[in-house]
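In my numbering, the protein residues as written are 4 to 204. Where a beta carbon is used, it is the ideal one built from N, C-alpha and C, also for glycine. In what follows, a structure is listed as structure tokens, so that the remarks can point back to it.
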């Protein structure tokens, strides 16, 4: 029986799977968790092939043979060749945005309800990393807003710990008025910038 090894390559805009069986190498380009696909170049000393369409594949028969022209691979073939590797992939990160009332650490009612869904996400992903980042709008000084963003993030961490998430898994930071969702002039109120972003990995 030939031994088969599978390599996984993750990047922001694509998922690349490579399977090696003896001297033969099979490479397929798949979309990422958001459905986006980038492009890759598969090459060896004999030549190269550009793959830029999802579910296209190329075969390298040997080190002295150029990669084959890209060809479509259907879902059944993807599962047959890479099913075990796909099943082993971790779930993608999930993002939560919690909004706050103006100039305060008080969550909006809708965000309070959303907060309760963070714990199940950590359980589903067997998470070991939860980032909590506080943000503000541009009303107030930069220093004031940094501190307000930090207070918001610390409050959310406290709530997450109360809900059952281990405190040691949670990393807290503040961006203050930097990195707004909506760019505004200084001293402009913007509800969508008064937020804490929680990312569960």
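In its own chain, which residues sit with a C-beta less than 7 Å from the C-beta of residue i, not counting the 5 before and 5 after it?
i: residue 194; result: 102
Report the rounded CA-to-CA distance for residue i versus residue j, giving the unit in angstroms.
i: residue 146; j: residue 51; result: 53 Å
i: residue 48; j: residue 61; result: 15 Å
i: residue 33; j: residue 90; result: 14 Å
i: residue 110; j: residue 35; result: 33 Å
i: residue 169; j: residue 131; result: 9 Å
i: residue 27; j: residue 161; result: 53 Å
i: residue 94; j: residue 128; result: 6 Å
i: residue 164; j: residue 126; result: 14 Å
i: residue 44; j: residue 73; result: 11 Å
i: residue 13; j: residue 150; result: Low confidence applies here, because residue 13 scores a pLDDT of 45, under 50, leaving its location unreliable and the question unanswered by this model.
i: residue 203; j: residue 171; result: 13 Å
i: residue 112; j: residue 92; result: 35 Å
Below 6 Å CB to CB, which residues in the same chain sit around residue i once its five sequence neighbours on both sides are set aside?
i: residue 154; result: 108
i: residue 76; result: 31, 58, 60
i: residue 182; result: none
i: residue 167; result: 122
i: residue 69; result: 49, 50
Return the Cβ separation of residue i and residue j in integer angstroms, given the expectation that the two are a contact with Cβ distance under 8 Å.
i: residue 135; j: residue 174; result: 7 Å
Between which residues of its own chain and residue i is the CB-CB distance below 8 Å, once the five residues before and five after are set aside?
i: residue 191; result: 140, 141, 142
i: residue 156; result: 135, 136, 137, 175, 176, 177, 199
Determine, using beta-carbon pairs with one atom in the segment 90-107 and one in the segment 117-129, whether at least three such pairs fall under 8 Å. yes
Should the segment 105-115 be called in touch with the segment 79-94, which here means at least 3 C-beta pairs below 8 Å? no
Which full runs of the beta strand (DSSP E) of 3+ residues lie inside the segment 102-163, going along the chain? 133-138
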